[in-house]
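Engineer:
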Amino acid sequence: MGSTKCAICHKKPEQGEQVRIWQESGHAKAFETLGTPEAKAQGAQKGVENPQTDGKCLKCHSTAYGFTEAVVTAAIPVEEGVSCESCHGPGKDYMKKSVMEDEAAAVEAGLVVPDEKTCQKCHNPEAPTFKSFNYAEYWEKIKHPVPQG
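The sequence shown: position 79 = 79 (the numbering used here), numbered continuously.
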């Protein structure tokens, strides 16, 4: 689906401006960071020639990794980094407003409500630059709830 579809609703102030919060986060820049000299040096130490094309890196630095090329090109560009569906699951079955208005229905249709385990799929000791991960601390930086009321 891609963040462009999510943005139809989730960029609005009354919805919580989730897209703006994401765009200002490290998640949105995750793919870009793989092109830095630091990432290339880190990759070389692990036998990775190009971090921006290697699955070992892309699995946590791009939502698009693992999708077919047609899907990626059409909806989820690799350059988008870690976007909505990395954490919330594929949105095509829960994207309708009528489903999203009912959290239980959205979850039943595939919405993932991220928790610490969701984050730890990438933020873990297997990551080459991992130092530590304090879920509560980082959640405060990236949380983007839909306002209640």
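Don't be surprised by glycine CBs; every beta carbon is placed ideally from N, CA and C.
1) Cys9 and Gly91: beta carbons closer than 8 Å?
2) Which residues in the same chain as Lys131 place their Cβ atom closer than 8 Å to its Cβ, once the five residues preceding and following it in sequence are excluded?
3) Start and end of the alpha helix (DSSP H) containing Pro37?
4) Quick check: the Cα distance between Gly55 and Lys29, rounded to an integer number of angstroms?
5) Assign Val113 to buried or exposed, taking buried as 16 or more other Cβ atoms, counted over all protein chains shown, within 10 Å of its Cβ.
6) Nearest-angstrom Cα distance between Ala70 and Met1?
7) What residues in its chain sit with their C-beta under 8 Å from that of Thr33, if we drop five residues either side in the sequence?
Structural biologist: Answer, in terms of the structure:
1) On the sequence shown, residue 9 is found 9 positions in, with the first residue counted as 1. On the sequence shown, residue 91 is found 91 positions in, with the first residue counted as 1. Taking 8 Å as the Cβ cut-off, Cys9 and Gly91 do not qualify as a contacting pair.
2) On the sequence shown, residue 131 is found 131 positions in, with the first residue counted as 1. Excluding sequence neighbours, Lys131 sits near nothing in its chain.
3) For the purposes of this step, residue 37 is taken as residue 37 along the sequence shown, with counting starting at 1. Here the alpha helix (DSSP H) through Pro37 covers 37-45.
4) On the sequence shown, position 55 is the one that residue 55 refers to. On the sequence shown, position 29 is the one that residue 29 refers to. Going by the C-alpha atoms only, they are around 17 Å apart.
5) Taking the first residue of the sequence shown as 1, we reach residue 113 at position 113. Val113 comes out exposed.
6) Here residue 70 corresponds to residue number 70 of the sequence shown, with the count starting at 1. Here residue 1 corresponds to residue number 1 of the sequence shown, with the count starting at 1. The pLDDT assigned to Ala70 is 49, lower than 50, so where the model puts this residue is not dependable, and the model offers no usable value.
7) Working through the sequence shown from its first residue, we reach residue 33 at position 33. Within the same chain, Thr33 has close Cβ partners Gly26, Ala39, His61.
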